[in-house]
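Following our numbering, the numbering of the sequence shown begins with 520 at its first residue and continues without gaps.
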Amino acid sequence: MNKISLFKGRAVIGYAFMIWIYLFCLTTFAQSSKPTTVQTISGIVSDANGALPGVTVTVKSSALSTITDISGKYAIQATVGDLLIFSYIGYKETTVAVATNNVINIMMTEDATTLKEVTINAGYYTVKDKERTGSIAKITAKDIEQQPVSNPLAAMQGRLSGVNIIQNSGLPGGRFSIQLRGLNSIRTDGNDPLYIVNGVPYSSQSLGDNTVSSAAITGLVNPLNNINPADIESIEVLKDADATAIYGSRGANGVILITTKKGKAGKTSFVVNAFSTVGKVARELDMMNTQQYLAMRAEAFANDNIATYPASAYDINGTWDQNRYTNWRKELIGGTANISSAQASVSGGSNNTQFLVSGTYRKETTVFPGDAHYGRGAVHSSITHKSEDNKFSINFSADYTGDKNTLPGRDLTSRAYTLAPNAPALYDENGNLNWQNGTWINPLATMEGAYVTANQNLMANTSLSYRILPGLEAKAAMGYTDSRTSQNVTVPLSTYSPFDTATHEALLMVNAGSGRSYIVEPQLNYGRKWGKLDSKILIGATFQSQKSTKLAQTGSGFTSDALINSLAAATTVRVLSHTVTDYKYSALFARLNLDWDNRYILNFTGRRDGSSRFGPANRFANFGAVGAAWIFSNEKGLKEHNSILSFGKLRASYGTTGNDQIGDYQYLDTYQVSPYLYDGVVGLSPARLFNPDFGWETNTKWEVAAELGFLQDRIFLSAAYFKNRSSNQLIGVPLPGTTGFPSIQSNFDATVENTGWELEFRTENIKSKDFSWTTNVNFTAPKNKLIAFPNLELSTYANLLVVGESLFITKGYNYTGIDPVTGTYTFQDYNGDGQISTADKQAIMDTAPEFYGGITNQLNYKNWSLDFLFQLVKQQGRNYYLTSPLAGTMANLPADFTGHFPDNGNASQIFTTGQNGTAVDAYYNLLDSNATVSDASYVRLKSMSIAYALPSKWSKALSAKIYLQGQNLLTFTNYKGIDPENQSMSSLPPLKQLTIGVQLGF
């Protein structure tokens, strides 16, 4: 299209003259046909959940249009009799005639038939949902805002098929684990998905040090806590080969795309959102009371023929009050965690330039005694601009997050479930820690120490694009991340009992980690339509560099606890580890998409990757995929003579991706600094053998799926079957002991297969002017299997894996009951040699999920909305037998253990204080048996949100919403333990939370 330059003399005059003629005619026509004057029409557009930003408001038969701002407000010039059209993807279009009233407020309703038009972010490109050939799941800010969570993964739980997320700890900043369609790699550290934030890869690997973390509470240095959920616009999960192959080696375990919020065109608006949350441990395990506990102890001594209680048996020999009872769950983990959060944002802009700046502060306390807390501050900014001729555009976003986690030195959950119920009080009459004359270790002694972690994270990215020719666009994406982590663990002398005569030293452990990365991705996009054929071509390249540094040290010999936070005050300083790693990655990628008449779609993707983690001979590899879709509902015969089927699509994909999650320098001869001195000189010791020949793990993915919509998509069904095979596994191959190394990292001809069904079902149950009810169901039935591992019995994995079984298994003894003569646990003697040994560990315990899913309901009535999600999981899991102490010793047990041999049950073998060698051996064998695995299935009311949006007619300048939210409200399970999700007796379970908040826009 030819453009008239405003900088050429003649063109200026001609252009101005045409504008004058146009305006003159327009004015004359308006005066002759509409005697009324032009007026400003304004109002607020909302849905059942509150203000609706981004709605397009157009005057019919006119070029005038505007967009609602973040508060849902709009203003447009119109005259009496004009028709205003309100349109927004996913909502029914609304038309209103302009009358004498200059305030028009609109309540929009969702339209299921337009949901297929929603644009899906596939990373390097976008695609309409109805036209995608790959498997992509999505949640939006609307889903995230209904949950008061601090980690993006928490917002995804139970909402997406093929995505299994587990919350490992209920502590602030605690870790989550995620699996996309199962485990692909035998290595436990090779199954993380790729995270992309605004086009920039985000490392999920912690910068914390394992030694420092193990000295306190593990799993708290979680990089994803640096991403503020309140700033997220959408999360897309790419699962199959068609969707992930364009990411090559980084997409083997799936890709999670996180897109943050951007500004909307319109008047400058301000939004404030604040909420307060209280949290409690949702589920407790019944433990023995004092009478039951002392009866167990007395019976244990009697069974061991001990008539006189030892002096150290303080619980039963009269030293401690035998009438005292303390519910240690209530004392140690029964507190109330308080969460407060506030966010403020300002946004606006013109049709060409939009901006958004927001800030969030969040503070959480714990259920533990004391003032331990987690605080996080986040700043998000975004600016988007496009030129007047729409040829040039630029997008820039920057996010900074800083958090600090101050926790006690230890998780108190384990002590809450093992302390004797008649143990002494925590404090003496003066309010000091009670040591009861040195007869016990006060569980609050660890509170004298501290575990402080602090993280700072900066992410910035810029995207530039320019339309060179019609259909041809050049684009460049650039990103930078800077992450820093510090850990500080203190163990002061005050944590030790004053009655302890052993020699102790105060201890300080510190770690400083930093990581920086940048990425540059130039791209060319070309699109053209040839009759009924719509074609799109994408080619690009990736250049990425990442460098990380970690320094962990320990100090001891402090002269005073007051100096414990200064490493310089330590008399002895030792370096635990000091690592510097560089990672370089480059790639070429391409995509070809062909769409014939919006019916037949082919999508080809390819990528050539290069990674510094492999030797020169295997540094590069090729990956690719093909996807196809047939939208058969667009076939002429079916489209014209069908009133029930509104949408139908069949799709399939096949391709390969790779995996380079093996760490850096694995192929090189490497050395480490020896902790020993030779003649006063520090030496080096070999750490790894050279192997330049190992290469990429390869993941071959195959999928078929069908998508069906009925009755204008009021009923929508999606069903998919997938099969993924991961081969050329990178594992440690065992070596003879004479080499000095137990194994060498190499490719092994082992193959892991993941298959399964994914179902998604959406129904619009009721839809009227004032009331609507929508249900969404997702269901996944996965199957993980090791299908090949040559010479497995000769490898170091012989006691861990079985061909034909999943990677989730554990091999152990087969528990057969209690011996009626000895009263001890018995196990199957597989080899018949008359004794129980390692060779008898043949029972297979599989904790892989059998199926999981979620059921979401959304109900809207006028200005009220109700959303709730039930999460369901069918699985086997580790129960309380795995972590329970030997029955009869000086530690409490679940109340179920009162049903013991020989009295009234088989929950426990004969009680012993530890003097019965047969019972002790049987106890340790039990820990390695299938008795520790039982049903851990559950149905959980994961989240619920009730909101009321104040009617817009109440205030022209203000929009407001009040909401009440809940998390982990109810759990239905037969699990033998505290919580079936994290399955731990030593880590705090996920908390039940109640939230009240308000959102204001003006």
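All C-beta atoms in this analysis are idealised placements derived from N, C-alpha and C, irrespective of residue type, glycine included.
Buried or exposed: which applies to P1261, given that a residue is buried once 16 or more other Cβ atoms fall within 10 Å of its Cβ? exposed
Enumerate in chain order the residues of its own chain whose CB-to-CB distance from V1571 is below 6 angstroms, with the five nearest sequence positions on each side excluded. Here the chain comprises residues numbered 520 to 1521, so residue 1571 is not present and cannot be evaluated.
Mind checking which residues open and close the beta strand (DSSP E) that includes D1114? T1091 to W1115
Determine whether the beta carbon atoms of N1376 and T1293 lie at a separation below 9 angstroms. yes
Residue(s) in a DSSP beta bridge with L926: Y970
Please report how far the alpha carbon of L1278 lies from the alpha carbon of K579, in whole angstroms. 42 angstroms
For the alpha helix (DSSP H) that contains I663, what are its first and last residues? A660 to I663
Whole-Å CB distance - P943 paired with N953, under 8 angstroms assumed: 6 angstroms
With a cut-off of 8 angstroms, do at least 3 Cβ pairs link the region 759-775 to the region 1040-1056? no
Counting C-beta neighbours from all protein chains within 10 Å, is the total for Q1502 16 or more, i.e. buried, or is it exposed? buried
Spell out the partners DSSP gives E1222 in its beta bridges. S1172 and F1241
Among N976, A993 and A996, which has the Cα closest to the Cα of L1003? Before going on, a small fix: residue 1003 reads as Arg here, not Leu. Selected option, being the one with the closest Cα: N976.
Please go through the same chain and pick out, in chain order, the residues whose beta-carbon is closer than 6 angstroms to the beta-carbon of E992, but skip the five residues on each side of it. S984, R986 and N1044
Could you check whether P1368 and V1340 sit closer than 9 angstroms to each other, using their CB atoms as the reference points? no
Quick check on the DSSP output: the alpha helix (DSSP H) that includes A1307 runs from which residue to which? From DSSP, A1307 is part of no alpha helix (DSSP H) but of the beta strand (DSSP E) over F1290 to A1307.
Below 6 angstroms CB to CB, which residues in the same chain sit around E755 once its five sequence neighbours on both sides are set aside? N640, I655, K657 and L776
Count the other CB atoms within 10 Å of the CB of T1022; is the residue buried (16 or more) or exposed (fewer)? exposed
Where N1007 sits in the DSSP three-state scheme: strand
Between the alpha carbons of G1143 and T981, how many angstroms are there, rounded? 27 angstroms
Restricting to runs no shorter than 4 residues, where is the alpha helix (DSSP H) found entirely within the region 1413-1479? 1436-1446
Please list, in chain order, all residues of the same chain as L1405 whose beta carbon is under 6 angstroms from its beta carbon, the five residues on each side excluded. Y1442
Measuring only the C-alpha atoms, how far is A1466 from G1516? 9 angstroms
Under the rule that 16 or more other beta-carbon atoms within 10 Å means buried, what is E907, buried or exposed? exposed
So the candidates are K781, P962 and L1026; which of them puts its Cα closest to the Cα of G889? P962
Residues of its chain near L1012, where Cβ-Cβ distance is below 7 angstroms and the 5 sequence neighbours each way are ignored: H1023, A1025 and D1080
So, are the CB atoms of A570 and G1520 less than 9 angstroms apart? yes
Residue closest to N683, alpha-carbon to alpha-carbon, out of E967, D601, A1300 and S1130: A1300
In three-state DSSP terms, what is F1151? helix
Quick one: Cα of Y1119 to Cα of S1054, how far? 12 angstroms
In angstroms with no decimal places, state the Cα-to-Cα distance between Q1428 and G1407. 10 angstroms
Confirm, please, whether the CB-CB distance from N1487 to A801 is below 9 angstroms. yes
By the 10 Å Cβ neighbour count, where 16 or more other Cβ atoms means buried, how is S831 classified, buried or exposed? exposed
Please report the straight-line C-alpha distance between S723 and N1350, rounded to a whole angstrom. 45 angstroms
Please say whether T1282 and R1244 have beta carbons closer to each other than 9 angstroms? no
Just to confirm the assignment, what range does the beta strand (DSSP E) spanning F820 have? That residue, F820, is in no beta strand (DSSP E); its alpha helix (DSSP H) goes T809 to N822.
Output yes or no for whether 9 angstroms exceeds the beta carbon distance between S788 and S859. no
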